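**Student:** I'd like to ask some things about the structure below.
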Amino acid sequence: MQGIGGLTGDIVLNTLGQIIPLIIGVVVGVVVLEFLLYNLLAKTLKVKNALAYTLLAPAAIAILAFMLYPLFFNVLLAFSDLKRTTFPCYSPIARGECQLDHLYGLDYAVKNFSDVFFRVRDGEIIGWGRLLRTADSTFPVLLGRTVLWTVINVIFHFSGGLALALIMNQKIRFRGVYRALIVIPWALPGVITALTWKQEFHAEYGFVNTLLQGIGLQPVGWLRDATAAFVAVTFVNIWLGIPFYMVMLLGGLQSISAEYYEAAQMDGAGAWHRFRFITMPLLRPILIPAVTLDVIWTFNKLDLIVIMTGGGPEEKTNILVSALYNAAFGTAATQQLGFAAAFSIVIFFILFLFAIVWITTSGGLKEIYDR
Amino acid sequence: MKYGKFVLAVVAVLLAVGSFGLTLAQDGGTLVMWSQDGDVNDAVLAEQFKVWAETTGSAFTLEIVNKETEVLRNDLQTAGLAGSGLPDMVLGPNDAIGVFVDSGLLLPLDDLFDMSMYPINLGAAQVAGATYGVPTNAGNHLMLMYNKSLVEKAPDTWEELIATAKSVEEANPGVRGFAYNLNEPFWFLPFVHGFGGGTYDADGNMVLDSQAWIDAYQFVQDLKFKEQVVPSECDYACADGLFKEGSVAMIINGDWAINDYKNLETSPALGPDNLGLAPWPKLPNGERPKPFTAGKFISIPVGVEGEKLDAVISFVTWLTTDPEAVTAYALGTSRLPAIAEVTVDPAADPLLAASNEALLTGVGMPADPTLRCMWDSVRPQLEGVMSNNVTPADAAMEAQISAEECIEG
Chain F
1 MQGIGGLTGD IVLNTLGQII PLIIGVVVGV VVLEFLLYNL LAKTLKVKNA
51 LAYTLLAPAA IAILAFMLYP LFFNVLLAFS DLKRTTFPCY SPIARGECQL
101 DHLYGLDYAV KNFSDVFFRV RDGEIIGWGR LLRTADSTFP VLLGRTVLWT
151 VINVIFHFSG GLALALIMNQ KIRFRGVYRA LIVIPWALPG VITALTWKQE
201 FHAEYGFVNT LLQGIGLQPV GWLRDATAAF VAVTFVNIWL GIPFYMVMLL
251 GGLQSISAEY YEAAQMDGAG AWHRFRFITM PLLRPILIPA VTLDVIWTFN
301 KLDLIVIMTG GGPEEKTNIL VSALYNAAFG TAATQQLGFA AAFSIVIFFI
351 LFLFAIVWIT TSGGLKEIYD R
Chain C
372 MKYGKFVLAV VAVLLAVGSF GLTLAQDGGT LVMWSQDGDV NDAVLAEQFK
422 VWAETTGSAF TLEIVNKETE VLRNDLQTAG LAGSGLPDMV LGPNDAIGVF
472 VDSGLLLPLD DLFDMSMYPI NLGAAQVAGA TYGVPTNAGN HLMLMYNKSL
522 VEKAPDTWEE LIATAKSVEE ANPGVRGFAY NLNEPFWFLP FVHGFGGGTY
572 DADGNMVLDS QAWIDAYQFV QDLKFKEQVV PSECDYACAD GLFKEGSVAM
622 IINGDWAIND YKNLETSPAL GPDNLGLAPW PKLPNGERPK PFTAGKFISI
672 PVGVEGEKLD AVISFVTWLT TDPEAVTAYA LGTSRLPAIA EVTVDPAADP
722 LLAASNEALL TGVGMPADPT LRCMWDSVRP QLEGVMSNNV TPADAAMEAQ
772 ISAEECIEG
């Protein structure tokens with residue numbers, strides 16, 4: 001059967017033949033378990049709110065299976081010496097002799113975590129540890145680049161989103177059309193966006209250089225030169241992030257009563273003062289969670305960098321998470337999964353620390369706690 | 372409990388349907404193969420499997436899951452760690468075999484196949500004296516590919532290639548003379564070999580900073596910045612795409628792509644009439660760059676046993692040793708057979724014969740797991756050289772330091 005790009009009718013039917021029975025099986029399984037659980041809770045144990053617990057159970061189980069278990073497993077890995085040569089020790093089916101006298105231990109964790117920061121030889125620290133394959137791929141360099149990447153992105157996301165939200169909040173013609181157009185970058189799958197922009201930044205055949213040459217400027221080796229590549233991925237991520245702020249802030253702007261502005265205008269407040277003393281304070285409850293989420297998402301933005309540059313050239317567009325990905329699975333994979341797990345925990349704690357400090361100092365959750 | 376019986380009946384019916392569906396999904400007669408060989412060649416393999424099944428009366432069916440090199444490597448290790456989900460066969464190049472063997476995920480095959488049948492490239496699948504892959508072909512080698520409608524005769528030296536590329540560009544506005552995957556070490560190693568270097572010294576130590584490496588970095592840097600004969604930026608997709616549409620006259624690519632380029636549907640500017648193949652042009656020292664050669668190998672993961680193992684052995688043996696099957700698979704995939712009994716008839720397939728000529732200029736690729744450290748250490752340095760940020764001498768020195776640290780672990 002003829003198909004599109006290798007996707008033949010046989011393949012589609014074969015795939016559906018595997019997926020549909022699985023979906024039916026899962027649905028049936030859930031229905032049966034829910035039925036049994038409700039009967040157990042309501043009839044046998046006589047639990048109050050049995051229906052609520054029954055309905056919450058699938059989500060709770062999913063969170064346990066797909067979030068808490070992987071998190072626990074990752075911590076466990078950080079206490080292991082899992083790497084290519086010790087793989088048979090940890091795999092239930094791999095062949096080969098295990099040379100380790102224990103599988104998990106504090107000694108492994110100490111080594112894994114210290115390897116994230118330092119290079120140790122004969123018990124002495126001899127410098128920063130290489131997380132990838134170039135001398136520059138050390139923790140402080142990658143952390144610095146990640147902070148720079150996050151700060152630039154969040155500033156532009158916020159200012160661009162706010163500007164668009166203020167414009168979209170005005171009574172202008174075709175406002176709905178503009179809003180829909182602006183949200184498109186956010187609605188598109190990230191992989192498609194990244195692949196498209198990668199082609200647009202191609203030095204010879206991309207739209208960006210064609211545009212530059214059209215206005216008399218020299219073409220730039222966007223994905224060839226390290227600094228230009230960093231600018232290119234940052235630009236794309238800014239383009240991707242603005243709609244999120246626009247949607248959030250537009251919602252916030254529309255919830256501010258016009259009476260505040262009318263009263264301020266009567267008191268003689270100008271546009272700047274109305275913005276500073278009415279708009280911004282009333283946007284705050286929306287802004288703080290939005291910034292928190294944006295920092296976390298941008299700090300952890302993996303797909304765009306991996307697809308557009310792979311962390312290159314010369315490993316110089318890597319941020320912490322892409323370096324982690326490359327160290328564990330990508331182009332500089334050391335096959336040291338214990339080390340990679342420790343690396344991921346370090347990244348987690350950096351973000352955790354940021355979230356605590358930011359939410360505490362900004363009072364972002366104050367309204368929720370005060371309720 | 373007015374509706375209790377009804378609900379129970381519905382659940383029972385759904386359960387029965389679901390169980391039936393799951394039974395279908397877990398059909399025990401399917402052999403699963405993870406392949407890195409590309410859709411076009413996988414389709415040829417699937418056809419060959421049907422012939423084998425008809426010939427032997429086997430009830431097994433074959434499901435081929437195509438995976439990119441890195442994805443296949445990661446997925447196999449993830450499945451190995453989980454203890455389930457491994458396929459019944461893995462088809463791919465030899466360079467991951469060493470990693471899989473270290474991880475204990477492949478069965479040694481010496482007792483399962485008659486290895487004397489494969490004298491050409493079996494060494495590429497051997498680790499510590501044991502064999503972990505059966506070759507389905509010999510090759511996986513890079514060669515010069517050109518569009519005969521733009522280039523009459525393949526250049527024999529790099530000097531000729533540069534002159535040809537420039538004359539093509541002058542005569543055909545919008546067409547590039549030459550392009551290749553600039554920053555990928557697999558495309559760079561042939562130059563190192565051509566300048567007399569290698570990855571390991573005689574004692575088996577990794578050496579990435581010899582004069583040959585420096586000369587090779589210098590040569591590719593000059594191709595770009597001095598001769599300006601390659602695009603300022605070009606990866607695999609760029610060279611491949613431009614070649615298929617007739618926007619570049621000459622590229623360097625591997626035998627895996629020949630079938631795709633012969634197909635006018637996927638390569639409208641090429642097809643069997645316009646595609647030309649040749650060995651790499653000679654370097655100024657008179658030597659040709661020597662591509663790594665090995666082939667594609669079928670390995671069997673641990674856990675395959677019983678009837679499935681018997682079926683896998685029977686199919687792979689037939690595919691790789693039956694003269695008719697080997698010929699059909701070689702012609703179907705446009706790749707060279709890995710057994711001495713079957714040779715390429717230049718009249719039957721001139722392209723295959725030309726690929727064979729290029730193969731003879733190559734050097735065998737080892738299956739040593741530390742080879743990975745070479746690829747990963749050279750890649751960022753090559754990127755630096757090709758963006759003119761790093762000198763060839765510094766690139767060689769840095770790659771050596773990085774590789775030593777990588778091997779140390």
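Line order of the protein sequences matches chains F and C. Residues in the first sequence are numbered consecutively from 1, following the numbering used here. Residues in the second sequence are numbered consecutively from 372, following the numbering used here. Backbone N, C-alpha and C define an ideal beta-carbon position, used for all residues, glycine too. None of these values were measured; they are calculated from a predicted model.
With 7 Å as the limit, tell me which residues of the stretch 399 to 416 of chain C have their beta carbon closer than that to any beta carbon of chain F; keep them in chain order.
**Tutor:** Correct list: Asp-410.
**Student:** At what residues does the beta strand (DSSP E) containing Phe-118/F begin and finish?
**Tutor:** Translated into positions along the first sequence, residue 118/F becomes position 118. Per DSSP, Phe-118/F belongs to the beta strand (DSSP E) from 118 to 121.
**Student:** Do the stretch 462 to 471 of chain C and the stretch 663 to 681 of chain C meet, that is, are 3 or more Cβ pairs less than 8 Å apart?
**Tutor:** At 8 Å Cβ cutoff, the stretches touch.
**Student:** Of the choices Thr-401/C, Pro-751/C and Glu-418/C, whose alpha-carbon is the least far from that of Tyr-588/C?
**Tutor:** Taking the second sequence and counting its residues from 1, the one referred to as residue 588/C is at position 217. If we check each option's Cα against that of Tyr-588/C, Pro-751/C comes out closest.
**Student:** At what residue ranges does the stretch 422 to 499 of chain C contain a whole run of the beta strand (DSSP E), taking only runs of 3 or more?
**Tutor:** Entirely contained in the stretch 422 to 499 of chain C, the beta strand (DSSP E) runs reaching 3 residues are, in chain order, 432 to 437 and 460 to 464.
**Student:** Arg-547/C by DSSP, collapsed to three states: which one?
**Tutor:** The residue given as residue 547/C occupies position 176 in the second sequence. In this structure, Arg-547/C counts as strand in the three-state DSSP scheme.
**Student:** May I ask you to list the residues that DSSP assigns as paired with Asn-518/C?
**Tutor:** As a position in the second sequence, residue 518/C is number 147, starting the count at 1. Paired residue(s): Leu-646/C.
**Student:** Quick check: what's the CA-CA separation for Pro-643/C versus Gln-407/C?
**Tutor:** Residue mapping note: residue 643/C aligns to position 272 of the second sequence, counting from 1. Residue mapping note: residue 407/C aligns to position 36 of the second sequence, counting from 1. Those two C-alpha atoms are separated by around 24 Å.
**Student:** Mind listing the chain C neighbours of Gln-213/F? Cutoff is C-beta to C-beta under 9 Å, in chain order.
**Tutor:** One-based indexing of the first sequence puts residue 213/F at position 213. Result: empty, since nearest Cβ-Cβ is about 13 Å, beyond 9 Å.
**Student:** Spatial neighbours of Gly-25/F within its chain, please: CB distance less than 6 Å, with the 5 preceding and 5 following residues excluded, ordered by chain position.
**Tutor:** Within the first sequence, numbered from 1, the residue matching residue 25/F stands at position 25. Around Gly-25/F: no qualifying Cβ.
**Student:** With Gly-625/C as the anchor, note down where its beta strand (DSSP E) starts and where it stops.
**Tutor:** As a first step, residue 625/C must be located in the second sequence, where it is residue number 254. Segment 619 to 625, the beta strand (DSSP E) holding Gly-625/C.
**Student:** Is Met-768/C near Leu-648/C, with beta carbons less than 9 Å apart?
**Tutor:** Here residue 768/C corresponds to residue number 397 of the second sequence, with the count starting at 1. Here residue 648/C corresponds to residue number 277 of the second sequence, with the count starting at 1. The answer is no: Cβ separation not under 9 Å.
**Student:** Output the distance between the C-alpha atoms of Gly-268/F and Val-177/F, rounded to the nearest integer angstrom.
**Tutor:** Here residue 268/F refers to the residue found at position 268 when the first sequence is read from its first residue. Here residue 177/F refers to the residue found at position 177 when the first sequence is read from its first residue. Cα to Cα, the separation comes out at about 35 Å.
**Student:** Output the distance between the C-alpha atoms of Phe-557/C and Trp-746/C, rounded to the nearest integer angstrom.
**Tutor:** Taking the second sequence and counting its residues from 1, one reaches residue 557/C at position 186. Taking the second sequence and counting its residues from 1, one reaches residue 746/C at position 375. Each residue's Cα considered, the two are about 8 Å apart.
**Student:** Sort out for me which residues DSSP pairs Ser-406/C with in a bridge.
**Tutor:** For the purposes of this step, residue 406/C is taken as the residue at position 35 of the second sequence. Bridge partners of Ser-406/C: Asn-437/C and Leu-462/C.
**Student:** Should Asn-554/C go down as buried or exposed, given a rule of 16 or more other Cβ atoms within 10 Å for buried?
**Tutor:** Translated into the one-based positions of the second sequence, residue 554/C becomes position 183. Buried is the call here.
**Student:** Look at the Cβ atom of Gly-548/C, then the Cβ atom of Ala-620/C, and state whether they are nearer than 9 Å.
**Tutor:** As a position in the second sequence, residue 548/C is number 177, starting the count at 1. As a position in the second sequence, residue 620/C is number 249, starting the count at 1. Against a cut-off of 9 Å, the Cβ pair of Ala-620/C and Gly-548/C comes out as a contact.
**Student:** From the DSSP output, read off the bridge partner residues of Pro-721/C.
**Tutor:** Counting from 1 along the second sequence, the entry for residue 721/C is found at position 350. In the DSSP output, where bridge partners are listed per residue, Pro-721/C has none listed.
**Student:** Quick check: what's the CA-CA separation for Gly-312/F versus Asp-574/C?
**Tutor:** The residue you call residue 312/F lines up with position 312 of the first sequence. The residue you call residue 574/C lines up with position 203 of the second sequence. One C-alpha to the other measures close to 33 Å.
**Student:** Are there 16 or more other CB atoms within 10 angstroms of the CB of Phe-174/F, so buried, or fewer, so exposed?
**Tutor:** Counted from its first residue, the first sequence places residue 174/F at position 174. Under this definition Phe-174/F is an exposed residue.
**Student:** Tell me the residue span of the beta strand (DSSP E) that contains Gly-127/F.
**Tutor:** Here residue 127/F refers to the residue found at position 127 of the first sequence. First-last of the beta strand (DSSP E) with Gly-127/F: 124 to 128.
**Student:** Within the 9 Å Cβ cut-off, does Gly-392/C reach chain F?
**Tutor:** Numbered from its first residue, the second sequence carries residue 392/C at position 21. In this prediction, Gly-392/C scores a pLDDT of 47, lower than 50, which makes its location untrustworthy; the coordinate-derived value is nonetheless stated afterwards. It does; some Cβ of chain F falls within 9 Å.
**Student:** Would you check if there are 3 or more beta carbon pairs closer than 8 Å linking the stretch 151 to 161 of chain F to the stretch 288 to 307 of chain F?
**Tutor:** With the cut-off at 8 Å, the stretch 151 to 161 of chain F and the stretch 288 to 307 of chain F touch.
**Student:** Out of curiosity, what's the CA-to-CA distance linking Gly-251/F and Asn-445/C?
**Tutor:** Position 251 of the first sequence, counted from the start, is the residue given in the question as residue 251/F. Position 74 of the second sequence, counted from the start, is the residue given in the question as residue 445/C. So the two alpha carbons sit approximately 43 Å from each other.
**Student:** Are three or more beta carbon pairs between the stretch 602 to 611 of chain C and the stretch 198 to 213 of chain F nearer than 8 Å?
**Tutor:** Segments in contact, yes.
**Student:** Just to confirm, are Lys-316/F and Thr-227/F a CB contact at a threshold of 9 Å?
**Tutor:** Mapped onto the first sequence, residue 316/F falls at position 316. Mapped onto the first sequence, residue 227/F falls at position 227. Yes, these two residues count as a Cβ contact at 9 Å.
**Student:** If we call anything under 9 Å between Cβ atoms a contact, is Leu-433/C one with Leu-402/C?
**Tutor:** As a first step, residue 433/C is located in the second sequence; it is residue number 62 there, counting from the start. As a first step, residue 402/C is located in the second sequence; it is residue number 31 there, counting from the start. Yes, these two residues count as a Cβ contact at 9 Å.
**Student:** Applying the criterion that 16 or more other CB atoms from any shown protein chain within 10 Å of the CB defines a buried residue, is Glu-97/F buried or exposed?
**Tutor:** Along the first sequence, read from residue 1 onward, the residue named residue 97/F stands at position 97. Exposed: under 16 other Cβ atoms inside 10 Å.
**Student:** Do Ile-491/C and Asn-552/C count as a contact pair if the criterion is CB distance below 9 Å?
**Tutor:** To locate residue 552/C, count along the second sequence from 1; it is residue 181. To locate residue 491/C, count along the second sequence from 1; it is residue 120. Going by C-beta atoms, Asn-552/C is not nearer than 9 Å to Ile-491/C.
**Student:** What residues match up with Ala-203/F in a beta bridge as DSSP calls it?
**Tutor:** Counting from 1 along the first sequence, the entry for residue 203/F is found at position 203. DSSP output for Ala-203/F lists no bridge partner at all.
**Student:** Against chain C, does Gln-223/F count as a neighbour if the rule is that its beta carbon must be under 9 Å from one of theirs?
**Tutor:** Taking the first residue of the first sequence as 1, we reach residue 223/F at position 223. The residue you asked about is not Gln; residue 223/F is Leu in the sequence shown. With 9 Å as the cut-off, Leu-223/F counts as an interface residue toward chain C.
**Student:** If you count every other CB in all the chains shown that lies within 10 Å of the CB of Ser-638/C, and 16 or more means buried, which is it?
**Tutor:** Reading the second sequence from its first residue, position 267 is the one you call residue 638/C. Its Cβ being crowded by 16 or more others within 10 Å, Ser-638/C is buried.
**Student:** Could you tell me the boundaries of the alpha helix (DSSP H) in which Ser-670/C lies?
**Tutor:** Within the second sequence, the letter at position 299 stands for residue 670/C. Looking at the DSSP string, Ser-670/C is not in any alpha helix (DSSP H); the run it does join, the beta strand (DSSP E), is 667 to 670.
**Student:** Near Thr-762/C, which residues of its chain fall below 7 Å by C-beta distance, leaving aside the five closest residues on each side in sequence?
**Tutor:** Looking up residue 762/C in the second sequence gives position 391. Excluding residues within five positions, none has a Cβ falling inside 7 Å.
**Student:** Give a yes or no on whether 9 Å exceeds the smallest Cβ distance from Tyr-69/F to chain C.
**Tutor:** Sequence index remark: in the first sequence, residue 69/F carries index 69 (1-based). No, because no Cβ of chain C sits closer than 9 Å to the Cβ of Tyr-69/F.
**Student:** Give a yes or no on whether the minimum CB-CB distance between Gln-205/F and chain C is below 9 Å.
**Tutor:** Here residue 205/F refers to the residue found at position 205 when the first sequence is read from its first residue. At residue 205/F the sequence reads Tyr, which differs from the Gln that was named. Judged by the 9 Å Cβ criterion, Tyr-205/F is in contact with chain C.
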